[in-house]
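Q: Residue numbers (our numbering): 9 to 268. Ideal Cβ placement from N, Cα and C applies to all residues, glycine included. Please read all numbers here as calculations on a predicted model, not as lab measurements.
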């Protein structure tokens, strides 16, 4: 490739705001000549590299904007610690089909069974698939909704959140939610019903959500909308974090087993 051609490509790449084209054009030129590519094949290869790089950059921006507390992957999840959990179910969810239909995922189980790990991993997969994602604990979401409500902008906030393909609500049930806050949370669930997806994690079975949200009626209406189009995944057993300790079972798990 001549110096003049390189300079022209560099100028055009900058004008198109596609700086990687210059790099890939030079790198692929020798390969194209050696392999006898047509002009069309060479151009397609250069543009393919640019699109792939842009997709990768976009995914990274979406992951950073989501507010994940850590990065987790499906591959890192220890399925051997959850023998009753079907790997195929999680891999199917990781494909993102549930997002296209505005369906939900609910992960229920004791602490330490990997609910948050799976929620984050599915959220990162969603970001790679091009969806905007937001992560927060149930308490953080309530605080956000209360702040919007206090300044008369709850409707605008809910409309803004509907533009996100996936919202993750972690730790439902760890801290009780007062009735007024529960009503706000219900509005978040209702605004996304059959429109956009939720992933929720909880240490409480649905039967106890009335206590969590301080209102049996609101909890029932909320559950009805969440599970109507949802994959409910139940995790069981001891905490993975305690596997190398002498503690066999957490208090919440013992209480739950006793109740059963």
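Pull up the distance between the alpha-carbon of residue 78 and that of residue 15, whole angstroms please.
A: Straight-line Cα distance between these residues: approximately 43 Å.
Q: Where do the N-terminal and C-terminal ends of the beta strand (DSSP E) with residue 109 fall, by residue?
A: It is not in any beta strand (DSSP E) - residue 109 carries neither H nor E in the DSSP assignment.
Q: Can you give me the C-alpha to C-alpha distance between residue 198 and residue 112, rounded to a whole angstrom?
A: So the alpha carbons of these two residues sit roughly 12 Å apart.
Q: Bridge partners of residue 93, per DSSP?
A: In the DSSP output, where bridge partners are listed per residue, residue 93 has none listed.
Q: Just confirm the distance between the C-beta atoms of residue 206 and residue 231, as a whole number of angstroms; I'd bet it's less than 8 Å.
A: Contact flag wrong, Cβ pair sits at about 12 Å.
Q: State whether the region 86 to 93 contacts the region 166 to 176, with contact taken as three or more CB pairs (one from each stretch) at a distance under 8 Å.
A: In short, these stretches do not touch, since the Cβ pair count stays below three.
Q: Do the CB positions of residue 115 and residue 241 come within less than 7 Å of each other?
A: In contact: residue 115 and residue 241 (Cβ atoms closer than 7 Å).
Q: Enumerate, from N- to C-terminal direction, the unbroken alpha helix (DSSP H) stretches of 4 or more residues contained entirely within the region 117 to 166.
A: Those alpha helix (DSSP H) runs which fall completely within the region 117 to 166 and span 4+ residues are 123 to 136, 146 to 158.
Q: Using 10 angstroms around the beta-carbon of residue 159, count the other beta-carbons present and answer buried if the total reaches 16, otherwise exposed.
A: Exposed, because fewer than 16 other Cβ atoms sit within 10 Å of the Cβ of residue 159.
Q: In whole angstroms, what separates the C-alpha of residue 172 from that of residue 43?
A: Whole-angstrom Cα-Cα distance: 44 Å.
Q: Between residue 101 and residue 239, how many whole angstroms is the CB-CB distance? I'm expecting something under 8 Å.
A: Confirmed, Cβ separation roughly 6 Å.
Q: Could you tell me if the beta carbon of residue 188 falls within a distance shorter than 6 Å of some heavy atom in the ligand GDP?
A: Ligands in the displayed structure: none, and consequently the ligand GDP is not present.
Q: DSSP puts residue 208 in a beta bridge; with which residues?
A: Per DSSP, 114, 177.
Q: If the criterion is Cβ atoms closer than 7 Å, does the pair residue 183 and residue 147 meet it?
A: Yes; because the gap between Cβ atoms is below 7 Å, this pair is in contact.
Q: When the Cα of residue 215 is compared with those of 125, 53, 229, which residue comes out closest?
A: Selected option, being the one with the closest Cα: 229.
Q: What are the boundary residues of the beta strand (DSSP E) that includes residue 86?
A: No beta strand (DSSP E) holds residue 86; DSSP gives it neither H nor E.
Q: Is it right to say residue 224 is buried, meaning 16 or more other beta carbons lie within 10 angstroms of its own, or is it exposed?
A: Exposed, by the Cβ-count rule.
Q: Quick one: give me the first and last residue of the beta strand (DSSP E) that residue 215 is part of.
A: Careful: residue 215 lies outside any beta strand (DSSP E) and carries neither H nor E.
Q: If you drop the 5 nearest sequence neighbours on each side, which residues of the same chain put their C-beta closer than 6 Å to that of residue 268?
A: Model confidence at residue 268 stands at a pLDDT of 46, short of 50, so the residue's coordinates are unreliable; what they give is reported in the following sentence. Closer than 6 Å at Cβ, skipping near neighbours: no residue.
Q: Got a sec? Which residues, its chain only, sit under 6 Å from residue 226 by beta carbon, not counting five neighbours each side?
A: Result list for residue 226: 190, 194, in chain order.
Q: In the DSSP assignment, the beta strand (DSSP E) including residue 238 goes from what residue to what residue?
A: It spans 238 to 242 - the beta strand (DSSP E) in which residue 238 sits, taken as one unbroken run.
Q: Quick check on the burial criterion: 16 or more other C-beta atoms within 10 angstroms. Buried or exposed for residue 121?
A: The residue is buried, with at least 16 neighbouring Cβ atoms inside 10 Å.
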